[in-house]
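Numbering (UniProt numbering), first residue to last: 1 to 488.
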């Protein structure tokens, strides 16, 4: 080791004695020390809530980085370690406060909307107001339409749903209302671009977002293009309402009609109606397509499920035809989707809320205003005390339970509970889940009757891809289809 004496270095004397430089240096060091002290010693509003990973302001970022691709593992670690206690998991720029016990989940969904809000979370997370305007957020009557009119009219819509599935499966989209190829592509593009727009807006101050939406995203262009297709239909229907009244002859039974029934004032304009149609479509396309892909991968990786489901579907359709009632009698098909949602649900958390006010759980856990809260969907659904062999996929798990429990309906795809939360639970459970369940089952029933399927890599299901709290099917996987030769 070489020792160098400082005085032996040929340094200019002002290096030591320049007072302005020394003063400036000490000011800089002091400011740095203050900033570091603030970072290290500032009060942590979540210090009373146990965490997964480091809680240090700086070191916790390493756990947060890990959570982006291993969020399911962090959820499971906290679930096992804290055994029913409320805990927190770091995300990119925040803590996610996780609840898992049934009583905590009940408190979470029963809390008043002005205290723990789902809508406020959606607006903040997906920039709904920035992308769609304030009226969509301030008056969300479209949610009531989905929960009420859409569910109530499923039987009337069933033939259209089945026809649409058949056309889509055969890749035949004739240019008629609801099947205009350009309009369908606009809806698909909007779903993708709205996700990209979310990433763009995330790093921009609120006051600059309107300009960013207009000049940095394709959202206005897509809405204008959609308006070109929906505009003539809206105008024609409005003319009939003006002439014959709201219940005019041959009035279509569809979402647009229900929107026009409920809308008032400026909400009846073409741009405002188009926004709501697109908002609902974007959510439906995103969730339904990924849920179907997850189930398809399970089926293609384990094609031994094909024949039992095929036998059930053929028997039920022979008795009931292609009807909504028929879908309720396909217990194996229903079970397969319910199990797919349990095992490969598209979200690792559920019942997500943003705290608009301070909130305290009955166990004394204090939640400060501005906090994000979620239910631990992934570890709940893998809990072996709730689901024997919960780490394994059993497509007929719930059909077997229903058979033992004498056709008990509590284990249907659409039913929620604190132990089964893919659709959420409570008052804000997915309002469109009844339509979605029928949509998914019609698609799978048609596919099972008409095709044999398997993975290109036989017997191997592609692993799910975790991105933050989302569970995404591998978009690069290949599924092999062979059309069945049906006897006349």
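Heads up, the beta-carbon is just placed ideally off N, CA and C, and yes, glycines get one too.
Thinking just about the alpha-carbon of each residue, which of the options is nearest to the one in residue i?
i: residue 455; options: 434, 482, 469, 287; result: 482
i: residue 461; options: 70, 343, 417, 108; result: 343
i: residue 197; options: 212, 188, 281, 185; result: 212
i: residue 242; options: 229, 268, 302; result: 268
i: residue 49; options: 435, 90, 305, 72; result: 90
i: residue 543; options: 281, 389, 392, 438; result: Only positions 1 to 488 of the chain appear in the structure, and residue 543 is not among them; the question remains open.
i: residue 417; options: 386, 219, 326, 287; result: 386
i: residue 322; options: 451, 84, 445, 147; result: 445
i: residue 157; options: 441, 435, 308; result: 435
i: residue 82; options: 61, 52, 218; result: 52
i: residue 458; options: 441, 431, 480, 184; result: 480
i: residue 364; options: 67, 43, 431, 85; result: 85
i: residue 46; options: 369, 92, 411; result: 369
i: residue 362; options: 66, 74, 93, 111; result: 111
i: residue 288; options: 170, 63, 165; result: 165
i: residue 324; options: 159, 144, 88; result: 159
i: residue 93; options: 63, 87, 408; result: 63
Taking 6 Å as the limit between beta carbons, can you name the residues of its chain near residue i, skipping five residues before and five after?
i: residue 426; result: 109
i: residue 367; result: 355, 359
i: residue 428; result: 118
i: residue 72; result: 348, 378, 466
i: residue 240; result: 248
i: residue 295; result: 337, 340
i: residue 270; result: 227, 231, 234
i: residue 282; result: 190, 191, 194
i: residue 146; result: 431, 432
i: residue 284; result: none
Enumerate in chain order the residues of its own chain whose CB-to-CB distance from residue i is below 8 Å, with the five nearest sequence positions on each side excluded.
i: residue 477; result: 297, 455, 456, 462
i: residue 279; result: 128, 132, 136, 142
i: residue 246; result: 261
i: residue 76; result: 378, 379, 382
i: residue 257; result: 237, 251
i: residue 312; result: 330, 331, 332, 333
i: residue 177; result: Confidence is the limiting factor: at residue 177 the pLDDT is only 49, short of 50, which leaves the residue's position unreliable, though a coordinate-based value still follows. Only 233 meet the Cβ criterion.
i: residue 277; result: 226, 230, 255, 256, 259
i: residue 314; result: 449
i: residue 114; result: 356, 357
i: residue 484; result: 449, 450, 451, 452
i: residue 273; result: 230, 234, 256, 259, 260, 263, 267
Could you tell me the boundaries of the alpha helix (DSSP H) in which residue i lies?
i: residue 343; result: 331 to 344
i: residue 378; result: 377 to 382
i: residue 414; result: From DSSP, residue 414 is part of no alpha helix (DSSP H); its letter is neither H nor E.
i: residue 489; result: This structure cannot speak to residue 489, because the chain is shown only from 1 to 488.
i: residue 531; result: In the structure as shown, the chain starts at 1 and stops at 488, and residue 531 therefore has no counterpart that could be examined.
i: residue 187; result: 181 to 202
i: residue 297; result: 270 to 301
i: residue 257; result: 255 to 262
i: residue 547; result: Because the chain spans 1 through 488 in this model, residue 547 falls outside it and cannot be assessed.
i: residue 128; result: 128 to 132
i: residue 44; result: Taken as a continuous stretch (DSSP letters only), residue 44 belongs to no alpha helix (DSSP H), as it is neither H nor E.
Bridge partners for residue i per DSSP, in chain order?
i: residue 137; result: According to DSSP, which records beta bridges pairwise, residue 137 is partnered with nothing at all.
i: residue 90; result: 95
i: residue 216; result: Note: residue 216 sits in no beta bridge, so no partner.
i: residue 396; result: Partner(s): none; residue 396 has no beta bridge.
i: residue 471; result: 466
i: residue 366; result: 360
i: residue 455; result: 479
i: residue 116; result: 355
i: residue 222; result: Paired residue(s): none; residue 222 is not in a bridge.
i: residue 51; result: 88
i: residue 372; result: 96, 354
i: residue 347; result: 470
Tell me which residues share the same chain as residue i and place their Cβ nearer than 7 Å to its Cβ, disregarding the 5 neighbours each side in the sequence.
i: residue 79; result: 100, 376, 379
i: residue 465; result: 472, 474
i: residue 305; result: 299, 336, 395
i: residue 469; result: 71, 347, 348, 349
i: residue 301; result: 455, 459, 460, 461
i: residue 162; result: 322, 442
i: residue 200; result: 212, 216, 217
i: residue 290; result: 346, 472, 473
i: residue 308; result: 332
i: residue 214; result: 220
i: residue 292; result: 440, 443
So residue i is in the beta strand (DSSP E); what residue range does that whole segment cover?
i: residue 355; result: 350 to 355
i: residue 481; result: 479 to 483
Specify whether the region 120 to 136 and the region 347 to 355 touch according to this definition: at least 3 beta carbon pairs, one from each stretch, less than 8 Å apart.
-> The region 120 to 136 is in contact with the region 347 to 355.
Would you be able to state if there are at least three C-beta pairs under 8 Å between the region 361 to 378 and the region 92 to 108?
-> In short, these stretches touch, since the Cβ pair count reaches three.
Please determine if the region 246 to 259 and the region 204 to 211 are in contact, where contact requires at least 3 C-beta pairs separated by less than 8 Å.
-> Cβ pair count under 8 Å is below three, so no.
Are the region 221 to 237 and the region 149 to 160 touching by the rule of at least three beta carbon pairs closer than 8 Å?
-> With contact defined as three or more Cβ pairs closer than 8 Å, the region 221 to 237 and the region 149 to 160 are not in contact.
Segment contact flag, the region 81 to 99 with the region 331 to 348, C-beta cutoff 8 Å, min 3 pairs = Too few Cβ pairs lie closer than 8 Å, so no.
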